[in-house]
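*Asks:* Attaching a single structure in structure tokens format; questions to follow.
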Amino acid sequence: GDLDKVVNLLLSLSGRLARVENVLSSLGENASSEERSSLNEKKKLLAGQHEDARELKENLDRRERVVLEILGNYLSEEQLQDYQHFVKMKSALLIEQRELDDKIKLGQEQLKCLMESL
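Position 112, counted from 1, in the sequence shown is what our numbering calls 491; the numbers after and before it change by one each time, with no gaps.
This is the structure:
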């Protein structure tokens with residue numbers, strides 16, 4: 380649902396922002412001002428998008444609290460706790476899946492570089 384999309388969006392933007400920051404920090408003295416400027420613009424854009432995504436997540440969290448309040452009127456305490464556990468685990472598993480996907484991608488990139496260097 381919406382939570383999955385926003386969590387994935389936040390993770391994606393965080394990863395992209397980290398990659399841009401890594402490239403920026405690894406730029407040598409030889410880098411053109413145009414290249415540096417382009418990367419700084421990209422960083423600024425990604426940071427803004429990340430902030431927007433954080434606001435979306437905060438709105439979803441508020442909506443979740445309202446839903447929990449409503450569900451509290453219809454579900455037993457145990458059912459409500461099960462529901463909360465399900466929602467938390469779903470997000471945690473999505474984050475873990477994304478981290479594993481990123482590690483696989485990094486490993487593939489490193490393997491490709493190693494193969495090219497041989």
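We treat Cβ as the ideally placed atom computed from N, Cα and C, and that holds for glycine.
Starting from Ala375 and walking both ways along the alpha helix (DSSP H), at which residues does that stretch end?
*Replies:* Any property of residue 375 remains undetermined from this structure, which presents the chain solely from 380 to 497.
*Asks:* If you count every other CB in all the chains shown that lies within 10 Å of the CB of Leu406, and 16 or more means buried, which is it?
*Replies:* When all chains shown are included, Leu406 counts as exposed.
*Asks:* Could you tell me the alpha carbon to alpha carbon distance between Asp383 and Asp461, rounded to whole angstroms?
*Replies:* Taking the straight line joining both Cα atoms gives about 18 Å.
*Asks:* Report the rounded CA-to-CA distance for Lys484 versus Glu475, giving the unit in angstroms.
*Replies:* Roughly 14 Å separates the two Cα atoms.
*Asks:* Quick one: Cα of Glu420 to Cα of Asn409, how far?
*Replies:* Answer to the nearest angstrom: the Cα atoms are 19 Å apart.
*Asks:* For the stretch 389–399 against the stretch 431–444, do three or more pairs of beta-carbon atoms, one drawn from each stretch, fall closer than 8 Å, so that the two count as touching?
*Replies:* Segments in contact, yes.
*Asks:* Would you decide whether Leu425 is buried or exposed? Buried here means 16 or more other CB atoms lie within 10 Å of its CB.
*Replies:* Buried, since its Cβ has 16 or more Cβ neighbours within 10 Å.
*Asks:* So what does DSSP say about Leu396, is it helix, strand or coil?
*Replies:* In the structure shown, Leu396 sits in a helix (DSSP, three-state: H, G or I).
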